[in-house]
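Undergrad: Here it is, the structure, as structure tokens.
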Amino acid sequence: MLPIEEAVVETLQSSGPCCLDDVVTYLPNFSWGEVFLAVDRMSRDGRVSLLQLGCSTYQIALRSQFS
Numbered sequence: 004m005l006p007i008e009e010a011v012v013e014t015l016q017s018s019g020p021c022c023l024d025d026v027v028t029y030l031p032n033f034s035w036g037e038v039f040l041a042v043d044r045m046s047r048d049g050r051v052s053l054l055q056l057g058c059s060t061y062q063i064a065l066r067s068q069f070s
């Protein structure tokens with residue numbers, strides 16, 4: 004797993020499901036784009052799930068087998 008993906012997993016484990024902007028805020032060493040690409044990869048391979056809350060707001064959650 005890439006370091007940014009490990010950071011995303013650790014963030015979601017400690018904070019629970021949260022919005023993409025919150026994950027970006029929790030990870031100041033990475034840019035918004037880096038976090039977005041990591042979450043995109045992780046959602047495509049099933050490590051996280053995305054739930055659309057609004058027009059451009061998504062909640063990110065760890066899938067149970069990865070928590």
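So the sequence shown is numbered by this note's numbering: it starts at 4 and just counts up by one. Think of the CB as a built atom: it goes at the ideal place given N, C-alpha and C, for glycine as much as any other residue.
Using only the alpha-carbon positions, how far apart do Phe39 and Cys21 sit?
TA: If you take the alpha carbons of Phe39 and Cys21, they lie about 13 angstroms apart.
Undergrad: Please list the terminal residues of the continuous alpha helix (DSSP H) segment that includes Ser18.
TA: That run of the alpha helix (DSSP H) goes 6-18.
Undergrad: Only counting the same chain, and skipping five residues up and downstream in sequence, which positions put a Cβ closer than 8 angstroms to that of Val42?
TA: Val11, Leu23, Val26, Val51, Leu53, Ile63.
Undergrad: Can you check which of these residues, Met4, Gln16, Glu8, Gln55, is closest to Asn32 by C-alpha distance?
TA: When each option's Cα is compared against that of Asn32, the closest is Glu8.
Undergrad: Out of Gly36, Arg44, Tyr61, Ser67, which has the shortest C-alpha to C-alpha gap to Leu5?
TA: Selected option, being the one with the closest Cα: Arg44.
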